[in-house]
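In what follows, a single structure is set out as C-alpha cells and then discussed.
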Amino acid sequence: MEVNRPVRVRFAPSPTGPLHMGGVRTALYNYLFAKKHGGSFILRIEDTDQTRYVPGAEAYIVESLKWCKIAPDEGFSVGGNYGPYKQSERKGMYRQFAEQLLESGHAYYAFDTAEDLDRMRAMAKAAGTANWQYNHVTRGSMKNSLTLSQGEVERKLAEGAPYVIRVKLNRNEEVKFHDHIRGWVSVNTNNMDDKVLFKSDGMPTYHLANIVDDHLMDISHVIRGEEWLPSAPLHVLLYRYLGWEDSMPEFAHLPLLLKPDGHGKLSKRDGDRLGFPVFPLQWVNPETQEIASGYREQGYFAEAFINMLAFLGWNPGTEQELFSMQELIEAFTLERVNKAGAKYDHEKTKWYNQQYLRRKPDAELAEHLLPTLEQQQHHTGKAFVEKVVALVKERAYFVQDILNEGAYLFARPAVYDEKTVQKKWNPEARQHVVSLKTRFETLSYFEAEDVEKVFKAYLGEQGVGFGKVGPGFRLAVTGKGMGPSMFDICAILGKQETCARMELALERLP
Ligand code: GLU
Numbered sequence: 025m026e027v028n029r030p031v032r033v034r035f036a037p038s039p040t041g042p043l044h045m046g047g048v049r050t051a052l053y054n055y056l057f058a059k060k061h062g063g064s065f066i067l068r069i070e071d072t073d074q075t076r077y078v079p080g081a082e083a084y085i086v087e088s089l090k091w092c093k094i095a096p097d098e099g100f101s102v103g104g105n106y107g108p109y110k111q112s113e114r115k116g117m118y119r120q121f122a123e124q125l126l127e128s129g130h131a132y133y134a135f136d137t138a139e140d141l142d143r144m145r146a147m148a149k150a151a152g153t154a155n156w157q158y159n160h161v162t163r164g165s166m167k168n169s170l171t172l173s174q175g176e177v178e179r180k181l182a183e184g185a186p187y188v189i190r191v192k193l194n195r196n197e198e199v200k201f202h203d204h205i206r207g208w209v210s211v212n213t214n215n216m217d218d219k220v221l222f223k224s225d226g227m228p229t230y231h232l233a234n235i236v237d238d239h240l241m242d243i244s245h246v247i248r249g250e251e252w253l254p255s256a257p258l259h260v261l262l263y264r265y266l267g268w269e270d271s272m273p274e275f276a277h278l279p280l281l282l283k284p285d286g287h288g289k290l291s292k293r294d295g296d297r298l299g300f301p302v303f304p305l306q307w308v309n310p311e312t313q314e315i316a317s318g319y320r321e322q323g324y325f326a327e328a329f330i331n332m333l334a335f336l337g338w339n340p341g342t343e344q345e346l347f348s349m350q351e352l353i354e355a356f357t358l359e360r361v362n363k364a365g366a367k368y369d370h371e372k373t374k375w376y377n378q379q380y381l382r383r384k385p386d387a388e389l390a391e392h393l394l395p396t397l398e399q400q401q402h403h404t405g406k407a408f409v410e411k412v413v414a415l416v417k418e419r420a421y422f423v424q425d426i427l428n429e430g431a432y433l434f435a436r437p438a439v440y441d442e443k444t445v446q447k448k449w450n451p452e453a454r455q456h457v458v459s460l461k462t463r464f465e466t467l468s469y470f471e472a473e474d475v476e477k478v479f480k481a482y483l484g485e486q487g488v489g490f491g492k493v494g495p496g497f498r499l500a501v502t503g504k505g506m507g508p509s510m511f512d513i514c515a516i517l518g519k520q521e522t523c524a525r526m527e528l529a530l531e532r533l534p
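With my numbering applied, the sequence shown corresponds to residues 25 to 534, in that order.
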C-alpha cells in the first residue's frame, strides 16, 4: 500500500465504560500501522456525550494500553502539539465549523422538541413507516430554518430557544469512497438522514467533533471498527462541505469480533456465559461494584493477549503464529486484514499463553511465583523454585498452574490418590518402596542420574518391569498417580526428603 503523507493515526475511544478487547484490537492495529510506517499513534478521548460518561473509564483506557505496551506517541495523558486530546477540553473549537456549514448552506437550525420528534415518529408508524428519519423528505414539514422565516429563526435564537444544527444532505447523491479493507463503498444520500452536528449547549456531536479533530490533528488514516462504517459516508460529505477533501484521511474499517460460534458480535455477556474475559483488565463498575474479569488478572501475559488479538482479523499469510510486537509491526499490513468477522476462540487464547509461558526463562517464572509461595508459607529458595518450574512448566497454561502442578514438590502429600492406592498399592509395592529406600540411603550423590541408576539396577536384580515398581514409588513420594520423571522429582526433593516421604507413606498406607 502506498502511503504519501506522514502517517498519523488515532485511537479515539469514548469513556463510557471499560475498554472491550475489540477496542484494544483497534488500538493495536492503529499502533502497528503507525510504527510500520514510521508515523505517530495518537490517543484521543471522545467524550462529547456527557450523559454516557463513566468515571474511571479514561484511567482504565490508559492503563490497558500501558499493560499491552501500545504506547501513544501523542495524546491524552501524553501530550503533544495538537492538544488538548480530550474533546470536552476542545469544546470552543467546534462552533465555528458548525457555523461555516450553516453559512454555506450545508447545515440548518432545527427547533423541534423531543415531543415533536416523537409525534412525527408515531404518526409515521401509524402510516406504516417503521423508521421515520429527519431527512430531505421530512425536513420540509418540521420546525427548522428551512421552513421558518428568517425573522422567526432570529427571534428563536435571540430568545435562547433550544436548537440543534443538522447537516443538510442533498437528495439522491451517491457518496463513494475507498476503504482499505472493504474496497469501494457507495451509499446514496436517500438512505441517510440529516444527523445532528451541534447542540445549543455548545457541544458538538460525535460526527462533527470526530471529523474536525481528525482534520485539525492532521490524521492520515482512520482505522476503526466496522460499526462506524455507516457513519463514514457522512464524514466524507462533511470533509467535502468544509473544503477539506484534499486532506481527507483514508479509511479502514475493521471486521467485527464474533462470538465463538460465529453468531453475532462478541459481547460482555458472552464472556460471563462462557467463562472468559472480554476486557483486558479487571473492571469494577463504579455504580454497582460488580466485577468484570480481565485478562491481566486471569494470569495472561500481555504479549500472549496481544499476539492472540493481532490474529483476530489479520494473518501474516504464512504458518508463523507467534509474533513479538516488533515482528507484528514488520508483518502487519491493512491488505491482510479480513473483511469477514473474526470468531473469538478461547482455547486458542489459552494456547497462546501456554506458548509464551514455555518460552519464558525459568528464573523469570520463579521470580513471579516467589511472593505467592511466601504467602503460602513455603520458604523455598529461588533455586529450588526454578527447578520446579523447569520440571512442570510444560504442563502449565498459566504461571499459577505451576504451583498446582508442582504442589507436591513444595509440601509432603496430605492425601494419596485413592485410585492409585486401590490399583497399585499392595504388599509387593510396599516391599519395593522399602528396598528402594534402603538403597537410596546409601547414596552420596542424589542427582537424577544417580537415582535412575539405582532404580534400574533394582528392577534388573528383581527381574520386574517398571510398571510393578514405578506407580507405588510415585505414590509414596508424591501422593499422585501420574506426573513428570520420578528421577527428576527425587533429585529436586533431595535424598533426605525423598526417603522421609517414603517412610511416611509406609506408615500411612495400608
Ligand atoms: N469515539 C468512537 C468510539 O468510541 C470512535 C470512532 C472513530 O474512531 O471514529 O469508538
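Every residue gets a Cβ at the ideal spot worked out from N, C-alpha and C, and that includes glycine.
{"Asked": "Limits of the alpha helix (DSSP H) - the one that residue 459 falls within", "Found": "451-465"}
{"Asked": "For residue 64, three-class secondary structure by DSSP", "Found": "strand"}
{"Asked": "Cβ shell of residue 504 (< 8 Å), same chain only, five flanking positions each side left out", "Found": "432, 437, 441, 444, 498"}
{"Asked": "Residue of 405, 238, 286 minimising C-alpha distance to residue 266", "Found": "238"}
{"Asked": "Ordered list of beta strand (DSSP E) runs contained in the region 207-258, each at least 3 residues", "Found": "207-212, 220-223, 245-249"}
{"Asked": "Distance between residue 421 and residue 399 (C-alpha atoms, nearest Å)", "Found": "22 Å"}
{"Asked": "Neighbour-count burial assignment, residue 202, 16 or more Cβ in a 10 Å radius", "Found": "exposed"}
{"Asked": "Extent of the continuous beta strand (DSSP E) run through residue 73", "Found": "First-last for residue 73: undefined, no H or E at that position."}
{"Asked": "Cβ-based neighbour list, residue 331, same chain, cut-off 7 Å, excluding 5 preceding and 5 following", "Found": "346, 347, 376"}
{"Asked": "Cβ shell of residue 523 (< 8 Å), same chain only, five flanking positions each side left out", "Found": "461, 464, 465"}
{"Asked": "Distance cut-off 7 Å: residue 101 Cβ against heavy atoms of ligand 1", "Found": "no"}
{"Asked": "Beta-carbon spacing of residue 416, residue 392 below 8 Å", "Found": "no"}
{"Asked": "Nearest-angstrom beta carbon gap, residue 100 and residue 67 [assumed within contact, 8 Å]", "Found": "5 Å"}
{"Asked": "Through-space distance from residue 277 to residue 215, alpha-carbon basis", "Found": "20 Å"}
{"Asked": "For residue 51 and residue 34, the rounded distance between their alpha carbons", "Found": "8 Å"}
{"Asked": "CB contact flag (residue 363, residue 513, <8 Å)", "Found": "no"}
{"Asked": "Reference residue 272, options 104, 367, 46, 257, closest by Cα", "Found": "257"}
{"Asked": "Identity of the residue in 491, 270, 301, 90 nearest residue 283 by Cα", "Found": "301"}
{"Asked": "Near ligand 1: residue 234 beta-carbon under 7 Å from a heavy atom", "Found": "yes"}
{"Asked": "The region 181-190 / the region 131-149 touching (three or more Cβ pairs under 8 Å)", "Found": "yes"}
{"Asked": "Under 8 Å between C-beta atoms of residue 108 and residue 81", "Found": "no"}
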